[in-house]
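Here the structure is laid out as structure tokens; the discussion comes afterwards.
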Amino acid sequence: MELADDEKAMLDGAEGPAVAAAMDLLVRYGEALGAERLCETRNVAGTMTQPSPVKARLVREGGWNKAFSVINLDSDDEFELPHMRVPTCQLQQGFGEDSVGIAPYPRSMVELQSGAEAFYGERGVNILATCTPYQVGNLPARDEHCAWMESSAVVYCNSVLGARTNCEGTASTGAASLTGKIPYWGNHLPENRYGTHLVEAAVPVAGFLDWGMFGYFVGEVVQENRPVVTGELRQPDQTDLKHFGASTASSGGVEIYHIPGITPEAPTLDAAFGGRAAPEAIGYGSRERRAVYETLNNQGESTGVDFVLLGCPHASLDQIARAARALDGRKLNAGTELWLMTPRALRSVADRNGYTEIIRRAGGRVLTDSCPAMSKSAPEGTRVFATDSAKQAHYLPAILGIEAWFGTLEECVDAAVTGTWRGELR
Ligand code: F3S
Numbered sequence: 001m002e003l004a005d006d007e008k009a010m011l012d013g014a015e016g017p018a019v020a021a022a023m024d025l026l027v028r029y030g031e032a033l034g035a036e037r038l039c040e041t042r043n044v045a046g047t048m049t050q051p052s053p054v055k056a057r058l059v060r061e062g063g064w065n066k067a068f069s070v071i072n073l074d075s076d077d078e079f080e081l082p083h084m085r086v087p088t089c090q091l092q093q094g095f096g097e098d099s100v101g102i103a104p105y106p107r108s109m110v111e112l113q114s115g116a117e118a119f120y121g122e123r124g125v126n127i128l129a130t131c132t133p134y135q136v137g138n139l140p141a142r143d144e145h146c147a148w149m150e151s152s153a154v155v156y157c158n159s160v161l162g163a164r165t166n167c168e169g170t171a172s173t174g175a176a177s178l179t180g181k182i183p184y185w186g187n188h189l190p191e192n193r194y195g196t197h198l199v200e201a202a203v204p205v206a207g208f209l210d211w212g213m214f215g216y217f218v219g220e221v222v223q224e225n226r227p228v229v230t231g232e233l234r235q236p237d238q239t240d241l242k243h244f245g246a247s248t249a250s251s252g253g254v255e256i257y258h259i260p261g262i263t264p265e266a267p268t269l270d271a272a273f274g275g276r277a278a279p280e281a282i283g284y285g286s287r288e289r290r291a292v293y294e295t296l297n298n299q300g301e302s303t304g305v306d307f308v309l310l311g312c313p314h315a316s317l318d319q320i321a322r323a324a325r326a327l328d329g330r331k332l333n334a335g336t337e338l339w340l341m342t343p344r345a346l347r348s349v350a351d352r353n354g355y356t357e358i359i360r361r362a363g364g365r366v367l368t369d370s371c372p373a374m375s376k377s378a379p380e381g382t383r384v385f386a387t388d389s390a391k392q393a394h395y396l397p398a399i400l401g402i403e404a405w406f407g408t409l410e411e412c413v414d415a416a417v418t419g420t421w422r423g424e425l426r
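Residue numbering for the sequence shown follows the working numbering, beginning at 1 and increasing consecutively.
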């Protein structure tokens, strides 16, 4: 791989041993990928504060510098962590203080995470603590090279914002944060961003539920390719696109999609395919829509619902407001819990608006930082859960061995209030 002068200097230790180790990691990683060079990034979204038993052991043995060296720089040596060279944020992590006494999540992990926040915060990691950094201030510009992790964030970054990132890992984002560099390959190259598949909706795709189901279909049929979607698409909002992308990255491994006339790199169908002829369209009609609905609902047998989960990817302010409206003046069923996950920064707005209090009065919780799938934690004794998220319906049954129902936010709230799943496809 060809290195620029500043990169060679970093590799040779001009900026200290931690930066040299980070550059060494990027060179090895880039060469394994076949990248010809690195590119500059000033936007890293990684995971440094996420607690784990391995991290707890490393911190016990050698402190936070040791934990960073091993986990985030993939090194056996121990380096003193300097300040982040470029803006870096923490994605979702474990449950935080606000979940103590609510989520059955080890107190030791909450404490470890608090220590991590102090250590990394001092060194310039912005503790956004969400899978949706784009909702709370991390909005890269179009064509900006980024180094992001988290599949739902990556697909949003590429497709909706038109910025450029591959699906990075813990070590590559750690190295990028110290060097401001990332291998120039994959989604960073313009020619790798054009559509490969065309999927055409013959039924209206409108609203959060349908954008999620359509995304689930698209991911399943294109897998890791680059879909262009057209047809009976109603104007999506940011929340719809958040759900659509997360779904494509759950049933498949989509990292970039295009919607002609909507997403920034696809002003036209022609542009979405880079001037090449569009392939034959894959159809999405009422039969396919029903099949997706049934797939997402074939993990539920008992209609008794113990737990309702909203906010995957983390809820927008609009979603919190909608949940509050649906719960206003009602009370949750005695045996059912409701958690709504959102970034902490949005919860502070929800607090000011009174949404959190309305949800709390009904018996629900607005929680932050994490989610049941990420922290492998749902209310004690949960056997059946309901969600409005195709991603959470896809993952949580396998992670926790529980049954799942998938439907609209209103159907989920109804299940929380009655304790019974009564959703149906309309
Ligand atoms: Fe976010 Fe958890 Fe869903 S990390 S995308 S809320 S699975």
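Here a beta-carbon is modelled for each residue, glycine too, at the ideal position from N, C-alpha and C.
Nearest residue (CA-CA) to residue i, options the options
i	options	result
G207	T196, E111, K181, L241	L241
W148	P87, N298, E200	P87
R422	T248, E301, A362	E301
G364	S389, K376, L310, D388	L310
L81	N166, V19, P279	V19
V136	Q238, L332, H258, E294	Q238
E31	E403, L3, N65, Q299	L3
T368	L346, A393, W405	L346
A321	D306, L340, T170	L340
V205	S177, P190, P236	P236
G252	V221, S108, P279, M23	V221
A202	V160, A176, W405, R234	R234
T303	F406, F79, G329	F406
G335	S348, V349, P379	P379
C412	L332, V254, T342	L332
A271	E280, A281, I282, I259	I259
S159	V254, E111, Y120	V254
Distance between residue j and residue i (C-alpha atoms, nearest Å)
i	j	result
G354	A386	25 Å
V44	R276	33 Å
T420	I358	22 Å
G62	V70	11 Å
G174	N187	19 Å
L396	D12	45 Å
A416	A390	18 Å
T248	T263	16 Å
Y293	H243	15 Å
A9	M1	15 Å
K376	D5	45 Å
E36	K181	13 Å
G245	S114	31 Å
S52	R361	33 Å
L317	T408	17 Å
V305	R383	8 Å
D388	R287	21 Å
M374	T342	13 Å
P183	F217	31 Å
Span of the alpha helix (DSSP H), counted from its first residue to its last, around residue i
i	result
C157	151-159
E403	Here E403 belongs to no alpha helix (DSSP H); instead the beta strand (DSSP E) covers 403-406.
K331	Segment: none, K331 is in no alpha helix (DSSP H) and carries neither H nor E.
E288	286-296
T263	Where T263 is concerned, there is no enclosing alpha helix (DSSP H), given that its DSSP letter is neither H nor E.
F244	238-251
Chain-order list of residues whose beta-carbon lies under 8 Å from that of residue i (same chain, five-residue window excluded)
i	result
G34	W185
Cβ separation of residue i and residue j, assumed to be a contact under 8 Å, to the nearest whole Å
i	j	result
P133	A153	6 Å
E144	R164	7 Å
C146	T41	6 Å
H314	C131	6 Å
A129	R344	6 Å
T170	N72	6 Å
L296	A393	5 Å
D74	L25	6 Å
A499	Q299	The question about residue 499 has no answer here: the residues shown for the chain are numbered 1 through 426.
T179	M23	6 Å
Residue i: first and last residue of the uninterrupted beta strand (DSSP E) it sits in
i	result
V199	197-205
N181	Checking the sequence shown, residue 181 turns out to be Lys, not Asn. First-last of the beta strand (DSSP E) with K181: 181-183.
T432	Here the chain covers residues 1 to 426 and nothing more, so residue 432 does not appear.
L310	307-310
G46	44-46
F385	384-387
V366	365-367
E122	Taken as a continuous stretch (DSSP letters only), E122 belongs to no beta strand (DSSP E), being part of the alpha helix (DSSP H) at 107-122.
C39	38-40
Q90	88-90
Cβ shell of residue i (< 6 Å), same chain only, five flanking positions each side left out
i	result
R226	G195, T196, I256
A324	Y355, I358, I359
A67	K55, L58, V59
E410	A326
A116	T49
Nonlocal neighbours in the same chain, by C-beta distance under 7 Å from residue i, ignoring five residues either side
i	result
Q50	Q93, G94
Cβ of residue i within 8 Å of any chain D Cβ
i	result
F217	Although the question refers to chain D, the structure presented lacks it and comprises just one protein chain.
Closer than 7 Å: residue i CB and nearest the ligand GTP heavy atom
i	result
P313	Here the bound small molecules are the ligand F3S; the ligand GTP is not part of this structure.
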